[in-house]
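Residue numbers are given in the UniProt record's numbering: position 262 of the sequence shown equals residue 262, and the series is strictly consecutive. The structure appears right after this line, and notes come after that.
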Amino acid sequence: MLLSAVRSYLLPVIRLYLLGVKVLLVQLFSRAPRLPVMPRQDGKVAIVTGGVRGIGYEVVRHMSRLGAHVIIVEFTKLDLASLQSVRQFVQSFKERNLPLNILVNNAGVMLVPEGRTEDGYEWHFGVNYLGHFLLTWLLLDILKDSGKPGSFSRVVSVSSSAHRVGEIRLNDLNSCQSYSAHAAYCHSKLAQLLFSSHLHQELQHGGFPLSSCAVDPGMVDTGLYRHMWMPLYLAQRAIARLLFRTPAEGAATVLYAALSLDLEGECGGGYWANGHREMTTPPTFDPQLQLNLWETSLWLLDLH
């Protein structure tokens, strides 16, 4: 019983915080990515979830300066914890008859207490992964129609290095067998990468002018850490002001993935961190795991 408790609760905490220390050390000894000059985005339409604060706000601000029409998905009603709300948002967007060139799946939760969305899904899985899966799926036709050779539409999913210690348990995606907020967060970020990778492959095989990639912005000084245990949160706040990246620095790789001319076509896929493409953990490249999660998600969302 004690060993099981350690494995279920303590081990995910240790693994995540050790990873956090490693990522922070790498950041300290490397230069924060800087966004090169990006082309104008006049006439393009973008949707950014979680665009009113933190990294999302910086992404919206920069895109708007470049001339893009940016829809911030917290001004327009959308609750990623509600599948009905996602469907209503998409229907409302389609009624406007706008193109859609860029979708940035940025909003997320981290280390929230155990609970369920209104559809009965664990919070991290439901918000970070499943809500964005549905949003992307329902917007795919518009994204495909809005892209063209030399100017692909793009789906950019903001993930995290936490995916490296995540697992996908297809028989327990809701973390019912044993709950750890730390583990659930890591699992949801790995699910994001699997979805992003499989989507890109499907798009390339179909010859569509649309690419999909995942981005790790690094450890950024945002409100994402507010659900940490209070003593750790207070320590994190003190450290963040000195050592974490600013939201503008965290947004640089996201913007590069969304806007750079260097990432057209097949070059636009993959996992991006610190301003360049990086290799990640073996499960991310497992085609059978990607397919299984993809099909399970379609079944959960009744999209078959």
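Think of the CB as a built atom: it goes at the ideal place given N, C-alpha and C, for glycine as much as any other residue.
Asked, Found
"Over what stretch of residues does the beta strand (DSSP E) that includes Thr-49 continue unbroken?", "45-49"
"Just the Cα atoms here: how many angstroms apart are Arg-40 and Asn-106?", "22 Å"
"If you draw a straight line from the C-alpha of Ala-184 to the C-alpha of Gln-192, how long is it?", "12 Å"
"Quick check: the stretch 247-260 against the stretch 189-207, are at least 3 beta-carbon pairs closer than 8 Å?", "no"
"Please list the terminal residues of the continuous beta strand (DSSP E) segment that includes Tyr-17.", "Element bounds for Tyr-17: not the beta strand (DSSP E) but the alpha helix (DSSP H), 11-28."
"What's the gap between the Cα of Ser-64 and the Cα of Leu-303?", "33 Å"
"If you measure between the beta carbons of Val-104 and Ala-258, is that distance less than 8 Å?", "yes"
"Return the CA-CA distance between residue 308 and His-187, expressed in angstroms with no decimal places.", "The chain is shown only over 1 to 304; residue 308 falls outside these bounds and no answer can be derived."
"Ser-211 and Arg-169 look like a contact to me (Cβ under 8 Å); what is the Cβ gap, rounded to whole Å?", "Not really, about 29 Å apart at Cβ, beyond 8 Å."
"Counting only the same chain and skipping the five closest in sequence on each side, list residues whose C-beta sits under 6 Å from that of Met-110.", "Tyr-185 and Leu-224"
"Below 8 Å CB to CB, which residues in the same chain sit around Leu-19 once its five sequence neighbours on both sides are set aside?", "Ser-161, Ala-162, Arg-164 and Val-165"
"Could you tell me the alpha carbon to alpha carbon distance between Leu-261 and Leu-203, rounded to whole angstroms?", "18 Å"
"Counting only beta-carbon atoms, is Asn-128 nearer than 8 Å to chain C?", "Judged by its chain identifiers, the structure shown contains no chain C, having just a single protein chain."
"Just to confirm before moving on: does the CB-CB distance between Arg-277 and Gly-270 stay below 8 Å?", "yes"
"On the premise that Gly-218 lies in contact with Gln-91, defined as a C-beta separation below 8 Å, what is that separation, rounded to the nearest angstrom?", "Incorrect: roughly 35 Å between the Cβ atoms, too far for contact."
"Quick check on the burial criterion: 16 or more other C-beta atoms within 10 angstroms. Buried or exposed for Val-37?", "exposed"
"Do the CB positions of His-205 and Gln-290 come within less than 8 Å of each other?", "no"
"In this structure, does DSSP put Leu-103 in helix, strand or coil?", "strand"
"Look at the Cβ atom of Ser-157, then the Cβ atom of Asn-101, and state whether they are nearer than 8 Å.", "no"
"Within the chosen definition, does the stretch 286-301 reach the stretch 226-235 through at least 3 CB pairs nearer than 8 Å?", "no"
"Return the CA-CA distance between Asn-174 and Ala-68, expressed in angstroms with no decimal places.", "37 Å"
"DSSP state of Val-156, grouped into three classes?", "strand"
"Evaluate Asp-141 with the Cβ neighbour count: other Cβ atoms within 10 Å of its Cβ, from every protein chain shown; 16 or more gives buried, anything less gives exposed.", "exposed"
"Residue range of the beta strand (DSSP E) that Cys-186 falls in?", "No beta strand (DSSP E) holds Cys-186; the alpha helix (DSSP H) holding it covers 181-206."
"Write down every uninterrupted run of the alpha helix (DSSP H) in the stretch 75-143 whose length is 4 residues or greater and which is fully enclosed by it, in chain order.", "83-94"
"Does the distance from the CB of Arg-87 to the CB of Leu-10 come in under 8 Å?", "no"
"If you reduce the DSSP assignment to three classes, tell me which class Leu-300 lands in.", "helix"
"Which of the three DSSP states, helix, strand or coil, is assigned to Ala-32?", "coil"
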